[in-house]
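Undergrad: Mind having a look at this structure? Questions to follow.
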Amino acid sequence: MSESKKSFSPATLVGIALIVLAIIGAWHFSFMPLNAKNDAKGFNGDSNQSIFMESDDEDAFFSEMERLQLTLAIREVSEKLKMNIIVFASRTPVSDEDTREFADSSYDEIYGKDTDGIFYYLDMSGKRPAYDYLSTSGKAVLFYQEKKENIFSKLDNYLPASYEVAENGYEPYREDIKKAILVFLDELEYYAETFDEKTSYFQSPNTGKYLYYLGDTLYVTYSRPPKQRFMICLFALLLGFIVSRIFAASVKKEYVFVTPVEADIYISKEKSEFNEMSDTFLREHTSKRHHSSSSSGGHSGGGHSGGGSHGGGGHHR
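With the sequence shown counted from 1, adding 4 to any position gets you my numbering.
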């Protein structure tokens, strides 16, 4: 009785190789340090640049003393959170789209692209409905992108609705508006201090860049975040496994394994006699094939407006 030895088939070995390569790729692209350019500028440490402003100083709603008090409160929070903060109260009615563009571009002009900070546009124009907007930059994007609706809802408890303004104007709500701005600052502190979603990321719609943390470092870059890259590699791993199984199945179909049969049962030893041995090739065919390979690299991303990468959103009241 002969002892059979069990070995892996070529198809199985190819499948194992594909899976191992996918695992190595997943580890490398998900956990190795990034070499991509990081455009994050952070905070320059000057909280005196943070301020409360109105669109018209000559026809300002708040007194000079009130504006100073609000500015001092803003700078205190700016120093604590290490980011730029501006609250801009507008008395000029503009479209929602113009509001968004104004908030993003004004922030970049004052503080620079991809720095850490937030621009709060407070609509006091009398437009119905009023449209408030939060433009975020740098780490503020991750701090507040998923919390902006919570912030707006909290402010609605103090800011007058559009129909109330239409009937009474803004003057009766002076103290409520000042309170709303102070509550806004409290909300910024709360969500910044409780932020722990270091695996979250955001892709800016105006530049296509991704914002995410890698350890304690904020990245603003075209390189995909680790979480997204890991999912891509995981998909590649699954695909490699499926391809290996398909390859194994196709190879198995190519070969039909039959039980070996002794040639003697077809040939009569008495009537068979070989007098001459001939080693002749009936056909000799050599095929040479040239394999050309071309590689192309590409970069895809959203359109670049020339400004920094911004998050945020608006709210009607």
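Note that beta-carbon positions come from the ideal geometry of N, C-alpha and C, so glycine has one too.
For residue 127, does the three-state DSSP call read helix, strand or coil?
TA: By one-based count along the sequence shown, residue 127 stands at place 123. Note: residue 127 maps to strand in three-state DSSP.
Undergrad: Please name the residue, chosen from 128, 99, 91, that lies closest to residue 110 on a Cα-to-Cα basis.
TA: Taking the sequence shown and counting its residues from 1, the one referred to as residue 110 is at position 106. Per the Cα distances, 91.
Undergrad: Cutting at 6 Å between CB atoms, please list the residues of its own chain near residue 220, excluding the five before and the five after it.
TA: The residue given as residue 220 occupies position 216 in the sequence shown. Excluding sequence neighbours, residue 220 sits near nothing in its chain.
Undergrad: Could you pull the start and end residues of the beta strand (DSSP E) that residue 136 belongs to?
TA: If you number the sequence shown from 1, residue 136 lands on position 132. Segment 135-141, the beta strand (DSSP E) holding residue 136.
Undergrad: As a quick exercise: from 177, 204, 212, pick the residue whose alpha carbon is nearest that of residue 222.
TA: For this step, residue 222 is matched to residue 218 along the sequence shown. The option with the nearest alpha carbon to residue 222 is 204.
Undergrad: For the alpha helix (DSSP H) holding residue 81, just list the boundary residues, first then last.
TA: For the purposes of this step, residue 81 is identified with residue 77 of the sequence shown, where counting begins at 1. Run containing residue 81: 68-85, per the alpha helix (DSSP H) assignment.
Undergrad: Looking at residue 120 and residue 314, is the spacing between their C-beta atoms short of 7 Å?
TA: The residue labelled residue 314 in the question sits at position 310 within the sequence shown. The residue labelled residue 120 in the question sits at position 116 within the sequence shown. No, they are not a contact pair.
Undergrad: From the DSSP output, in three-state form, read off residue 47 for me.
TA: Numbered from its first residue, the sequence shown carries residue 47 at position 43. The answer is coil: DSSP assigns residue 47 none of H, G, I, E or B.
Undergrad: Does the beta-carbon of residue 104 have 16 or more other beta-carbons within 10 angstroms, so that it is buried, or is it exposed?
TA: Position 100 of the sequence shown, counting from 1, holds the residue named residue 104. Flag for residue 104 reads buried.
Undergrad: Could you tell me how far apart the beta carbons of residue 43 and residue 224 are, in whole angstroms, since I believe they sit closer than 8 Å?
TA: Here residue 43 refers to the residue found at position 39 of the sequence shown. Here residue 224 refers to the residue found at position 220 of the sequence shown. With a Cβ gap of about 4 Å, residue 43 and residue 224 count as contacting.
Undergrad: If I measure Cβ to Cβ from residue 196 and keep anything under 6 Å in the same chain, skipping five residues before and after, which residues do I get?
TA: If you number the sequence shown from 1, residue 196 lands on position 192. So the list reads 85, 147, once near-sequence residues are dropped.
Undergrad: Identify every residue that forms a DSSP beta bridge with residue 224.
TA: As a first step, residue 224 is located in the sequence shown; it is residue number 220 there, counting from the start. Beta-bridge pairing links residue 224 to 215.
Undergrad: Out of 172, 75, 135, which one is the CA nearest neighbour of residue 97?
TA: The sequence position of residue 97 within the sequence shown is 93, counting from 1. Nearest of 172, 75, 135 to residue 97, Cα basis: 135.
Undergrad: Does the beta-carbon of residue 40 have 16 or more other beta-carbons within 10 angstroms, so that it is buried, or is it exposed?
TA: On the sequence shown, residue 40 is found 36 positions in, with the first residue counted as 1. Exposed is the call here.
Undergrad: To the nearest whole angstrom, what separates the beta carbons of residue 95 and residue 59, a pair I think is in contact under 8 Å?
TA: Taking the sequence shown and counting its residues from 1, one reaches residue 95 at position 91. Taking the sequence shown and counting its residues from 1, one reaches residue 59 at position 55. Yes, residue 95 and residue 59 are in contact; Cβ-Cβ is about 5 Å, under 8 Å.
Undergrad: Kindly confirm or deny that the region 174-193 and the region 69-77 touch, where touching means at least three C-beta pairs closer than 8 Å.
TA: Segments in contact, yes.
Undergrad: How long is the line joining the alpha carbons of residue 93 and residue 166, rounded to whole angstroms?
TA: For the purposes of this step, residue 93 is taken as the residue at position 89 of the sequence shown. For the purposes of this step, residue 166 is taken as the residue at position 162 of the sequence shown. Cα to Cα, residue 93 sits roughly 15 Å from residue 166.
Undergrad: Given a cut-off of 7 Å, decide if residue 320 and residue 176 are closer than it, judged by their beta-carbon atoms.
TA: In the sequence shown, the residue the question calls residue 176 occupies position 172. In the sequence shown, the residue the question calls residue 320 occupies position 316. Contact flag unset, no.
Undergrad: Residues in its own chain within less than 6 Å of residue 216 by CB, not counting five upstream and five downstream?
TA: Counting from 1 along the sequence shown, the entry for residue 216 is found at position 212. Closer than 6 Å at Cβ, skipping near neighbours: 205, 223, 229.
Undergrad: Give every residue of the same chain whose Cβ lies closer than 6 Å to the Cβ of residue 46, excluding the five residues on either side of it in the sequence, and list them in chain order.
TA: By one-based count along the sequence shown, residue 46 stands at place 42. So the qualifying residues of the chain are 120.
Undergrad: Using C-beta distances below 7 Å, list every residue in its chain close to residue 160, excluding the 5 sequence neighbours before and after it, in chain order.
TA: For this step, residue 160 is matched to residue 156 along the sequence shown. 321.
Undergrad: Could you tell me which of 191, 173, 168 sits nearest to residue 144, measuring between CA atoms?
TA: Translated into the one-based positions of the sequence shown, residue 144 becomes position 140. Checking every option, the nearest Cα to that of residue 144 belongs to 191.
Undergrad: Check whether the Cβ atoms of residue 140 and residue 122 lie closer than 7 Å to each other.
TA: Locating residue 140 in the sequence shown gives position 136, where the first residue counts as 1. Locating residue 122 in the sequence shown gives position 118, where the first residue counts as 1. Yes. Within cutoff.
Undergrad: Distance, Cα to Cα, residue 61 vs residue 218?
TA: For the purposes of this step, residue 61 is taken as residue 57 along the sequence shown, with counting starting at 1. For the purposes of this step, residue 218 is taken as residue 214 along the sequence shown, with counting starting at 1. So the two alpha carbons sit approximately 43 Å from each other.
Undergrad: Just to confirm, is the Cβ distance from residue 318 to residue 137 under 7 Å?
TA: Against the sequence shown, residue 318 aligns to sequence position 314. Against the sequence shown, residue 137 aligns to sequence position 133. In this structure, residue 137 lies closer than 7 Å to residue 318 by Cβ.
Undergrad: Under DSSP, the alpha helix (DSSP H) around residue 168 begins and ends at which residues?
TA: As a working note, residue 168 is residue 164 in the sequence shown. Run containing residue 168: 166-172, per the alpha helix (DSSP H) assignment.
Undergrad: Using alpha carbons as the reference points, say which of 54, 125, 115, 53 lies closest to residue 102.
TA: Position 98 of the sequence shown, counted from the first residue, corresponds to residue 102. Comparing Cα-Cα distances from residue 102 to each of 54, 125, 115, 53, the minimum goes to 125.
Undergrad: By the DSSP assignment, the alpha helix (DSSP H) with residue 52 in it spans what residues?
TA: For the purposes of this step, residue 52 is identified with residue 48 of the sequence shown, where counting begins at 1. It is not in any alpha helix (DSSP H) - residue 52 carries neither H nor E in the DSSP assignment.
Undergrad: On a CA-only basis, which of 100, 174, 113 is nearest residue 128? Give me that one, please.
TA: What you label residue 128 is simply residue 124 of the sequence shown in a count that begins at 1. Taking only the C-alpha atoms, the option nearest residue 128 is 174.
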